[in-house]
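With the first letter of the sequence shown counted as 1, position 11 gets the number 22 in this note's numbering; the numbers rise by one all the way through.
Glycine included, C-beta positions come from ideal geometry on N, C-alpha and C.
Keep in mind it's a predicted model, so treat the numbers as computed, not measured.
Taking it in order: structure first as structure tokens, then the write-up.
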Amino acid sequence: MRVGVVTDARDFPEARKPAYRLWIDFGPDLGVKRSSAQITARYAATDLVGRRVIAVVNFAPKQIGPFVSEVLVIGAYDERGEVVLLNVDQPVAPGSKIG
Numbered sequence: 012m013r014v015g016v017v018t019d020a021r022d023f024p025e026a027r028k029p030a031y032r033l034w035i036d037f038g039p040d041l042g043v044k045r046s047s048a049q050i051t052a053r054y055a056a057t058d059l060v061g062r063r064v065i066a067v068v069n070f071a072p073k074q075i076g077p078f079v080s081e082v083l084v085i086g087a088y089d090e091r092g093e094v095v096l097l098n099v100d101q102p103v104a105p106g107s108k109i110g
């Protein structure tokens, strides 16, 4: 798992469930990776840009409609079943490993 910074977030109308297409920068070693994330209930796409997120980066890419998701953004489910994103509370560089 690594820390990444969301550089772009767009609606994903082709997804079966409401989702965003995310582009996440994981620093010079991993670069920018794409993810599909079902986080529309709690987050506006514009609020995600610049946000640090935690993602699993060593899964095989997955085709979701016309989009290839390369990483899995991590969150916890709240009492309503909505995803709350995990993040770090201090600044760390994109690509930092989670330990």
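Per DSSP, residue i forms a beta bridge with which residues?
i	result
Ser80	Lys73
Ala20	Leu33
Ala87	Val95
Gly15	Val64
Count the other CB atoms within 10 Å of the CB of residue i; is the residue buried (16 or more) or exposed (fewer)?
i	result
Phe23	buried
Ala30	buried
Tyr54	buried
Val79	exposed
Arg91	exposed
Lys44	buried
Pro102	exposed
Can you tell me the Cβ-Cβ gap for residue i and residue j, rounded? I've got them flagged as a contact below 8 angstroms.
i	j	result
Val14	Val67	Not confirmed; about 12 angstroms, so no contact.
- Message: Could you tell me which whole alpha helix (DSSP H) segments of length 4 or greater appear in the segment 25–75?
- Response: 38–41 and 56–59
- Quick check: the segment 12–21 against the segment 33–46, are there 3 or more CB pairs under 8 angstroms? Under the three-pair Cβ rule at 8 angstroms, the segment 12–21 counts as touching the segment 33–46.
- Query: Is the segment 60–75 close to the segment 83–101, with three or more CB pairs under 8 angstroms?
  - Reply: yes
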